[in-house]
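See below for the structure under consideration.
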Amino acid sequence: MSYQLFLAYTTEGSTDIRFLSKIFERTISDILFLYGNKDTEIVLKSYQKEGHNFVDQMIHVFKNCFIENSSEILFIHADADDISPNNTLEFKFMPLRNKLDTDEKLKAFNFVEVIPVHMTEAWMLADFVLFKDEIKTDKSKSQLNLSGNPETFKDPKKKIVDALNIINSELPKKRRNDLKIGDLYQIIGQKLDIQQLLKLESYKVFYKKTFEILKKINLINYNEVLNINL
Numbered sequence: 001m002s003y004q005l006f007l008a009y010t011t012e013g014s015t016d017i018r019f020l021s022k023i024f025e026r027t028i029s030d031i032l033f034l035y036g037n038k039d040t041e042i043v044l045k046s047y048q049k050e051g052h053n054f055v056d057q058m059i060h061v062f063k064n065c066f067i068e069n070s071s072e073i074l075f076i077h078a079d080a081d082d083i084s085p086n087n088t089l090e091f092k093f094m095p096l097r098n099k100l101d102t103d104e105k106l107k108a109f110n111f112v113e114v115i116p117v118h119m120t121e122a123w124m125l126a127d128f129v130l131f132k133d134e135i136k137t138d139k140s141k142s143q144l145n146l147s148g149n150p151e152t153f154k155d156p157k158k159k160i161v162d163a164l165n166i167i168n169s170e171l172p173k174k175r176r177n178d179l180k181i182g183d184l185y186q187i188i189g190q191k192l193d194i195q196q197l198l199k200l201e202s203y204k205v206f207y208k209k210t211f212e213i214l215k216k217i218n219l220i221n222y223n224e225v226l227n228i229n230l
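Taking UniProt numbering, the leading residue of the sequence shown gets 1, the next gets one more, and so forth.
Here it is, written out as structure tokens:
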């Protein structure tokens with residue numbers, strides 16, 4: 001009989017859920033396939049935020065997912081909105097950790113920060129071949145204005161929208177069935193190659209932290225060492 005891992009997560013928006021829920025499940029599956037010590041079934045559940053600020057919202061989620069629903073890990077998504085995660089760590093997650101340290105019931109629970117640089121959509125562009133396949137084009141990165149590391153794009157969401165506009169504008173009106181960015185979140189989340197994602201520093205940080213949390217809850221042997229050859 002497989003072990004059930006109850007994984008909670010919360011995201012900034014509904015579109016993030018469609019993409020990140022798949023990434024969360026597949027990241028855990030990838031790590032456990034490579035390093036896990038038992039057959040594990042992943043049970044995902046999304047939690048809504050309530051409160052006036054980030055810390056209050058997360059305390060609400062903590063109480064809901066850990067105390068009321070016995071989750072083992074909580075993934076907390078917050079975009080960096082910058083070239084670095086430092087501001088998000090300092091102004092969101094550090095105050096959260098300080099608050100948790102004052103609560104005996106909550107401070108022992110396991111959570112992982114998920115901080116894409118600049119935003120979630122940068123991760124969607126990690127595998128350009130997949131992106132091309134899903135938007136059904138043979139255009140190059142330069143033709144779609146997508147050259148470079150996606151984490152250097154200040155507004156990767158706009159980059160995707162602009163690329164779709166290029167594709168849609170070149171189709172005859174009779175053949176046009178305009179593809180929207182909202183059509184891509186779930187399908188790319190389901191298919192995105194983890195090895196391609198690991199080329200992005202913000203995802204690599206998330207992957208490493210997830211590995212350590214899985215080791216902490218004894219789903220990975222304590223002497224296992226993460227090996228990322230990139």
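Glycine residues also receive a C-beta, built at the ideal position from the N, C-alpha and C atoms.
What does the alpha-carbon distance come out to for the pair I17 and F93? 20 Å
Counting only the same chain and skipping the five closest in sequence on each side, list residues whose C-beta sits under 6 Å from that of P150. A122, L125, P156
Rounded straight-line distance, which links the Cα of F128 to that of A78: 24 Å
Cβ shell of C65 (< 6 Å), same chain only, five flanking positions each side left out: A8, Y47, S71, L74
With a floor of 4 residues, list each alpha helix (DSSP H) that falls wholly inside the region 70 to 114, ordered by position along the chain. 94 to 100
Using only the alpha-carbon positions, how far apart do F91 and S202 sit? Rounded to the nearest whole angstrom, the C-alpha separation of F91 and S202 is 18 Å.
Residue ranges of each alpha helix (DSSP H) run of no fewer than 4 residues wholly in the region 144 to 188, ordered along the chain? 156 to 169
Work out the CA separation of Y35 and K216 for me, nearest whole Å. 13 Å
Can you round the beta-carbon distance between A163 and H118 to whole angstroms, since I take them to be within the 8 Å contact cut? About 16 Å; that fails the 8 Å criterion.
Beta carbon of S14, beta carbon of D39: below 8 Å? No. Outside cutoff.
Decide if G182 is buried, meaning its Cβ has at least 16 other Cβ atoms within 10 Å, or exposed. G182 comes out exposed.
Got a sec: does the ligand MN put a non-hydrogen atom nearer than 7 Å to the Cβ of D127? As far as ligands go, the structure on display features none, and thus does not contain the ligand MN.
The alpha helix (DSSP H) spanning A8 covers which residue range? That residue, A8, is in no alpha helix (DSSP H); its beta strand (DSSP E) goes 3 to 10.
Is it right to say F33 is buried, meaning 16 or more other beta carbons lie within 10 angstroms of its own, or is it exposed? Burial check for F33: the Cβ neighbour count within 10 Å stays below 16, so the residue is exposed.
Beta carbon of V114 nearer than 8 Å to that of I76: yes
How many Å lie between V61 and R97 at the Cα? Approximately 14 Å between the Cα atoms of the pair.
Limits of the unbroken beta strand (DSSP E) element including I42: 40 to 46
Local conformation of I217 per DSSP, three classes: coil
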